[in-house]
Amino acid sequence: MLLKENEQRVVNVCQELVKVKSYSGEEEQVVERLKDIFNDLGFDNFHVDEYGNIVGCIKGNKPGKKILFDAHIDTVEVSDNSKWAVDPFGGEIIDGKIYGRGTSDMKGALSAMLCGVSNFAKRANKEFEGELYVAGVVHEECFEGVASRKINERVKPDYVVIGEASECNLKIGQRGRAEIVIETYGKAAHSANPQKGINAVYKASKLIDKIRNMEMNYDEELGQGILELVDIKSSPYPGASVVPDYCRITYDRRLLVSETKEEVLKPVLDLIEEMKNEDPEFNARAFYARGEEKCYTGEEISDERFFPAWKYSREDDFVKKCYSSLEEIGLNPIITYYSFCTNGSHYAGEAGIKTIGFGPSRENLAHTIDEYIEINELIKAAKGYEGICKALLKY
Ligand SMILES: [Zn+2]
Numbered sequence: 002m003l004l005k006e007n008e009q010r011v012v013n014v015c016q017e018l019v020k021v022k023s024y025s026g027e028e029e030q031v032v033e034r035l036k037d038i039f040n041d042l043g044f045d046n047f048h049v050d051e052y053g054n055i056v057g058c059i060k061g062n063k064p065g066k067k068i069l070f071d072a073h074i075d076t077v078e079v080s081d082n083s084k085w086a087v088d089p090f091g092g093e094i095i096d097g098k099i100y101g102r103g104t105s106d107m108k109g110a111l112s113a114m115l116c117g118v119s120n121f122a123k124r125a126n127k128e129f130e131g132e133l134y135v136a137g138v139v140h141e142e143c144f145e146g147v148a149s150r151k152i153n154e155r156v157k158p159d160y161v162v163i164g165e166a167s168e169c170n171l172k173i174g175q176r177g178r179a180e181i182v183i184e185t186y187g188k189a190a191h192s193a194n195p196q197k198g199i200n201a202v203y204k205a206s207k208l209i210d211k212i213r214n215m216e217m218n219y220d221e222e223l224g225q226g227i228l229e230l231v232d233i234k235s236s237p238y239p240g241a242s243v244v245p246d247y248c249r250i251t252y253d254r255r256l257l258v259s260e261t262k263e264e265v266l267k268p269v270l271d272l273i274e275e276m277k278n279e280d281p282e283f284n285a286r287a288f289y290a291r292g293e294e295k296c297y298t299g300e301e302i303s304d305e306r307f308f309p310a311w312k313y314s315r316e317d318d319f320v321k322k323c324y325s326s327l328e329e330i331g332l333n334p335i336i337t338y339y340s341f342c343t344n345g346s347h348y349a350g351e352a353g354i355k356t357i358g359f360g361p362s363r364e365n366l367a368h369t370i371d372e373y374i375e376i377n378e379l380i381k382a383a384k385g386y387e388g389i390c391k392a393l394l395k396y
């Protein structure tokens with residue numbers, strides 16, 4: 002494959018980033034690498050915040066709107082190198098594809114953003130109104146949108162572009178998600194005399210049945226709201242000859258637009274109250290799981306695991322502008338919605354900032370053995386990001 006200079010650059014950047022391992026909470030080395038890349042690509046400056054996110058900036062000659070391009074720099078781990086046909090941190094190219102952990106999720110997208118934004122600023126000779134930011138965000142894999150809050154606080158963008166894989170289609174929303182924990186409490190007894198105890202698992206199973214019959218909201222575009230049991234644990238464990246006095250159940254809740262923390266938990270709390278009234282031995286509580294993650298900077302991120310949904314209309318002006326800019330460069334994007342949760346949960350869901358998703362590669366390549374990204378996708382995405390800059394900024 003013979004590539005033009007611009008195209009070769011995005012390939013090189015992607016390979017470089019893939020070679021630096023950056024599991025969640027261990028992104029320091031890749032941030033160091035990104036400092037050099039921001040300099041090489043002509044960014045005006047960069048800033049590393051308390052959580053360790055790095056954000057590079059290019060300002061136009063005149064004031065105007067701010068666009069933030071958001072890509073997470075953490076990756077999921079490689080559990081077994083021997084299962085890979087290639088070195089997961091080699092960035093090797095075979096048949097037009099770059100291989101390695103994080104190529105599709107999402108160092109490829111970050112490379113395309115870096116190059117696309119830099120190309121735009123160079124071609125415009127900085128004669129544009131506004132500011133362009135590219136963010137390498139930490140701790141996305143288990144904590145969507147939380148580290149992004151720090152970036153938003155400082156940059157306060159007018160528009161955000163999420164680079165998660167969309168096969169270069171335009172995404173205008175996603176369901177959110179939350180983790181709900183329910184605990185039931187019983188009374189321990191020897192299992193030879195179970196009538197002397199209260200089995201917390203039997204109490205939980207009644208609740209589980211009722212929760213299964215709960216009706217969830219439905220959204221034409223985003224689909225069904227979901228409340229699905231994902232794990233269950235009893236105590237003592239193992240429980241040889243003991244009636245368990247404790248049971249903990251975790252639910253994954255997929256959220257629709259405008260469902261709030263209070264609204265989502267209320268039907269579960271009401272159900273628990275109702276069951277307490279029916280059965281004096283029934284005792285339970287429900288709450289959101291708390292996430293706690295340590296950043297490589299030493300800072301701790303901690304919050305309830307509730308990441309709101311978001312959705313824009315295809316008739317929205319900024320969506321139309323982005324769409325036509327992608328069409329103009331020969332892409333034929335479909336307008337759809339992400340099926341998974343992204344940092345958009347913060348920007349659009351919590352902060353109400355106009356957000357779209359546009360990224361190279363396929364979402365089902367994320368987290369896989371022999372993860373790769375097609376060079377063609379990478380190049381298309383870089384052109385797409387450049388096009389989005391043109392569409393949203395006056396120059
Ligand atoms: Zn991702």
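Residues 2 to 396 in the numbering used here are what the sequence shown spells out, letter by letter.
Beta carbons are placed, not taken as given, at the ideal position from N, Cα and C, and that holds for glycine.
Contact set for residue i: own chain, Cβ-Cβ below 7 Å, skip 5 residues either direction
i, result
"E35", "Before going further, note that residue 35 is Leu rather than Glu in the sequence given. Within the same chain, L35 has close Cβ partners I55 and G137."
"A189", "G198, V243, V244 and D246"
"V265", "A179, R254 and L256"
"I380", "E8 and V11"
"V14", "I38, S112, L115 and C116"
"Q16", "G92 and I99"
"D45", "C58, I59 and K60"
Which listed residue (the options) has its alpha carbon closest to that of residue i
i, options, result
"Q225", "A310, D81, D280 and K123", "A310"
"G146", "K381, F307, Y386 and L332", "F307"
"G103", "G97, A113, F90 and R124", "F90"
"Y295", "E328, P64, K98 and E51", "The amino acid at residue 295 is misidentified as Tyr; the sequence shows Lys. It is E51 whose Cα lies nearest to the Cα of K295."
"I212", "Y348, I250 and I370", "I250"
"K98", "E387, Y373, G388 and E316", "Y373"
"N153", "E375, L393, S346 and S25", "S346"
"G385", "K157, K322 and S83", "K322"
"A287", "E260, V258, M107 and Y252", "Y252"
"I370", "H73, D81 and K5", "D81"
"R363", "C248, H191, F319 and E378", "E378"
"D280", "S314, A125 and Y203", "Y203"
"Y238", "C248, V156, I354 and W85", "C248"
"H191", "N40, I376, E216 and A241", "A241"
"W85", "H73, G101, D96 and A72", "G101"
"A392", "G131, L4, A72 and I95", "G131"
Cβ pair residue i, residue j closer than 7 Å
i, j, result
"G187", "A205", "no"
"I68", "Y160", "yes"
"K20", "G109", "no"
"L171", "I336", "yes"
"N1", "E141", "What the structure shows of the chain is the stretch from 2 to 396, and residue 1 is not part of that stretch, so it cannot be assessed."
"Y360", "S167", "Looking at the sequence itself, residue 360 is Gly, so the reference to Tyr does not match. A contact, by the Cβ cut-off of 7 Å."
"C169", "L332", "yes"
"Q175", "Y348", "no"
"L42", "S105", "no"
"K127", "G61", "yes"
"E78", "Y297", "no"
"E305", "Y289", "yes"
"G350", "G177", "yes"
Expected contact under 8 Å - CB spacing of residue i and residue j to nearest Å
i, j, result
"S23", "D75", "6 Å"
"V139", "G57", "About 15 Å; that fails the 8 Å criterion."
"S325", "I389", "At roughly 11 Å, the Cβ-Cβ gap does not stay under 8 Å, so S325 and I389 are not in contact."
"V162", "F70", "5 Å"
"I357", "I173", "6 Å"
"M107", "K207", "Between K207 and M107 the Cβ distance is about 43 Å, and since that is not below 8 Å, they are no contact."
"E260", "N218", "7 Å"
"K312", "E222", "6 Å"
"D220", "V258", "7 Å"
"I183", "V269", "7 Å"
"N284", "T185", "7 Å"
Same chain only: Cβ atoms within 6 Å of residue i, ignoring 5 sequence neighbours per side
i, result
"S303", "E293"
"A282", "In the sequence as presented, Ala is not what sits at residue 282; that position holds Glu. Excluding positions up to five away in sequence, the list reads I199."
"F121", "E387 and C390"
"F129", "G61, L394 and Y396"
"Q30", "V21"
Residues bridged to residue i [DSSP beta-bridge criterion]
i, result
"N46", "C58"
"Q175", "W311 and Y339"
"F70", "V135 and V162"
"E300", "Note: E300 sits in no beta bridge, so no partner."
"E251", "Looking at the sequence shown, residue 251 is not Glu but Thr. According to DSSP, which records beta bridges pairwise, T251 is partnered with V182 and D232."
"K123", "Looking at the DSSP assignment, K123 forms no beta bridge with any residue, so it has no partner."
"D220", "G224"
"F288", "V182"
"E294", "I302"
"G358", "I163 and K172"
"Y373", "Y100"
Chain D within 7 Å of residue i, Cβ atoms only
i, result
"I95", "Although the question refers to chain D, the structure presented lacks it and comprises just one protein chain."
Beta-carbon proximity list for residue i, same chain, < 8 Å, skipping 5 on both sides
i, result
"C143", "S25, G292 and E294"
"K151", "D50, E51, Y52 and N54"
"D232", "I250 and T251"
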